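Residue numbers (this note's numbering): 21 to 216.
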Ligand code: ADP
């Protein structure tokens, strides 16, 4: 992918993040991918934000299915069909509510990304799209969450060759700009670590 800021030509040792990672701005419910990830709550019975948008677009059969799953603990993930969505599947994961950072929030957020990616691989999916989990109603600080999202995904892809596309779908421009900036920073950090 292309990163804003410094030109790779001027930084011969710049190692980009995994090229299967894309950052887009838009509405995740419109994406034609194998799976979109829902930032759900522990009941899996729908809510506001991206969760509400996904249920509206998928239609009522998604809620009926979710009601049979018995909820989902924070950090874990569950998979359903996508019903009326263009995406074939929805992977529902429950991000942590931000409570100041001393309540395992970082570990739980990383687990959301890892467990969602693992489910996608187990179902032989090739493409998956994530929203910015926990950074809306759950108030996780955006930069910190973005770093965890990108790093966890990049590390996961380093050990996986089956997934072909992982798209981070940013709804608003602040989230989009933050993802772009942190992606560029992480590439620099990865390069520096390799150079050492
Ligand atoms: P959480 O409760 O995990 O914080 P929210 O749905 O409140 O989840 O917010 C998570 C992120 O999803 C926010 O950045 C929000 O702007 C974004 N979002 C809301 N609707 C959509 C959508 N249709 N597509 C992609 N992202 C969305």
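Beta carbons: idealized from backbone N, C-alpha and C, even for Gly. All of these numbers come straight from a predicted model, not from anything done at the bench.
Asked	Found
Range covered by the beta strand (DSSP E) that runs through residue 148	147-150
Coarse secondary structure for residue 131, derived from DSSP in three states	helix
Residue ranges of each alpha helix (DSSP H) within the region 101-187, 4 or longer	125-142, 162-178
CB-CB length for residue 107 against residue 56, believed under 8 Å	4 Å
Any 3 or more C-beta pairs closer than 8 Å across the region 79-91 and the region 180-197	no
Separation of residue 128 from residue 166, as counted between CA atoms	14 Å
Range of the contiguous alpha helix (DSSP H) that encloses residue 70	69-78
The ligand ADP heavy atom lying under 7 Å from the CB of residue 196	no
Heavy atom of the ligand ADP within 7 Å of residue 187 beta-carbon	no
Residue 240 and residue 125 closer than 8 Å at C-beta	With the chain covering 21 to 216 only, the question about residue 240 has no answer from this structure.
Simplified DSSP state of residue 203, which is helix, strand or coil	helix
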